[in-house]
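Inspection log for the structure reproduced underneath, given as structure tokens.
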Amino acid sequence: AINFAWTNLQPKLPAAIANRLPAPNTGRHTIRMMAIFTLGRLGATAAVPVLVHALRDSEKGIPVAGAGALRMIGPNARAANPTLVSLLKNNDRFIRGAALSALWITGRSDSALPPALEKVLSGLTSDVRVEAADLYWQICHRKDVLVPALIEELREMDPQYFWRAAQLLSEMMPESKSAIPTLIKALRHPENRIRGHAAMALAGIGRPAAPAIPVLTELLQDDTAYVREAAAEALKKIAPDQALPEQALPP
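Each number in this note's numbering corresponds to the 1-based position in the sequence shown with 203 added.
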């Protein structure tokens, strides 16, 4: 009897919860958060319009909760993807991150998502640009779109995001050869992680990165072990027939 009652009641719950969702800024924040979470757990597509409305809510935490609920619903929440994409440019980094996290689940089978991402990629902040590019790369291998956006990210020289951008570019040959000048410039960056990551990215590009050989050879004497090792690895891949200086070889 309980199972029968639940089976009949469950389809009606999203509408019932949505109709009783308190208005913003009425002092019932916790109730609103719990209601949104419950809508996500129920996994009903009928809840998606209400959750899209939550994405546009002005009350702190509600858009993040809405994105999390849409992520729980999954690909059936694809109708929310245009709003989620627009939130990638939100001023709040928590909202940006929650929207991107949701898109990884709601957007993987949405053919309309790549064109939407193309329109915003170049203007995104570093905290979402690389991951958004990665998502785009998983569902649409348009190198002509991704390479400029990732080079733009490299130019930020942010150690937190530089490596993933460089990794993605090394998968996009031959188009990613246009990143070589930026990577060579990064070899002289004062931050050792940037120097090492740039060297490893050039190793991934291989022989076409030959213009980097002089600077990479200098980096064999770098003060940081990771940079020295990355430079040696890059030289092996770029110029496999060229012997490394004896002092650069591991003991």
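Just so it is clear, CB atoms sit at the ideal spot from N, CA and C, and this is done for glycine as well.
Minimum C-alpha distance to residue i - residue among the options
| i | options | result |
| --- | --- | --- |
| THR456 | ALA270, ALA389 and PRO318 | With the chain covering 204 to 454 only, the question about residue 456 has no answer from this structure. |
| LEU258 | LEU290, LEU245 and ILE276 | LEU290 |
| LYS388 | MET236, MET275, ALA319 and PRO414 | PRO414 |
| ALA368 | LEU324, ALA319 and ILE342 | LEU324 |
| ALA249 | GLU262, MET236 and ASN279 | ASN279 |
| ALA404 | GLY264, VAL418, ILE239 and TRP366 | TRP366 |
| LYS263 | MET236, MET275 and PRO252 | MET236 |
| LEU349 | GLU321, ARG358, ALA247 and ASP361 | GLU321 |
| HIS400 | ARG274, GLN341 and PRO362 | PRO362 |
| THR385 | ARG358, ASP295, GLN370 and PRO443 | ARG358 |
| ALA319 | ILE342, GLY300 and ALA301 | ILE342 |
| MET275 | ASP295, SER304, ASN294 and GLY300 | SER304 |
Local Cβ density within 10 Å of residue i, reported as buried at 16 or more and exposed below that
| i | result |
| --- | --- |
| ALA428 | exposed |
| ARG398 | buried |
| PHE297 | exposed |
| HIS344 | exposed |
| PRO266 | buried |
| THR233 | exposed |
Helix, strand or coil at residue i according to DSSP, with G and I counted as helix
| i | result |
| --- | --- |
| PRO393 | coil |
| ALA319 | helix |
| ARG410 | helix |
| ALA311 | The residue asked about is misnamed: residue 311 is Arg in this sequence, not Ala. Looking at ARG311 - three-state DSSP - the assignment turns out to be coil, as it is neither helix nor strand. |
| ALA249 | helix |
| LEU324 | helix |
| ARG345 | coil |
Residue i Cβ short of 7 Å to the ligand FAD heavy atom set
| i | result |
| --- | --- |
| ILE416 | Here there are no bound small molecules, and the ligand FAD is not part of this structure. |
Cut-off 6 Å between Cβ atoms - residues of its own chain near residue i, not counting five sequence neighbours on either side
| i | result |
| --- | --- |
| VAL255 | ALA283 and THR286 |
| ASN395 | THR427 and VAL430 |
| GLU436 | ALA406 |
| GLY277 | ILE308 |
| LEU316 | ASN284 and GLY310 |
| ALA372 | Looking at the sequence shown, residue 372 is not Ala but Leu. Cβ neighbours of LEU372 beyond the five flanking positions: LEU353, SER379 and ALA382. |
| ARG281 | THR309 and ASP313 |
Residues of its chain near residue i, where Cβ-Cβ distance is below 7 Å and the 5 sequence neighbours each way are ignored
| i | result |
| --- | --- |
| MET376 | ILE408 |
| LEU327 | LEU291, LYS292 and ALA335 |
| TRP307 | LEU338 |
| GLN424 | none |
| LYS440 | ALA406 and GLY409 |
| ALA272 | ILE239, PHE240, LEU242, GLY243 and LEU254 |
| LEU422 | LEU390, ARG398, ALA402, VAL430, ARG431 and ALA434 |
| PRO417 | none |
| TRP340 | LEU349 and LEU371 |
Own chain residues within Cβ distance below 8 Å of residue i, not counting five before or after
| i | result |
| --- | --- |
| TYR364 | SER329, ASP330, ARG332, VAL333 and GLU356 |
Would you mind listing the alpha helix (DSSP H) stretches within the segment 256 to 298 that are 4+ residues and don't spill past its ends, in chain order? Listed in chain order, they are 265 to 276 and 284 to 289.
For a minimum of 4 consecutive residues, which ranges assigned as the alpha helix (DSSP H) are wholly contained in the segment 354 to 403? If one requires a minimum length of 4 residues, the alpha helix (DSSP H) runs lying completely within the segment 354 to 403 are 362 to 373 and 383 to 389, in chain order.
Which runs of the beta strand (DSSP E) at least 3 residues long sit entirely within the segment 408 to 445? Give them in chain order. Counting only runs of 3 or more, we get nothing.
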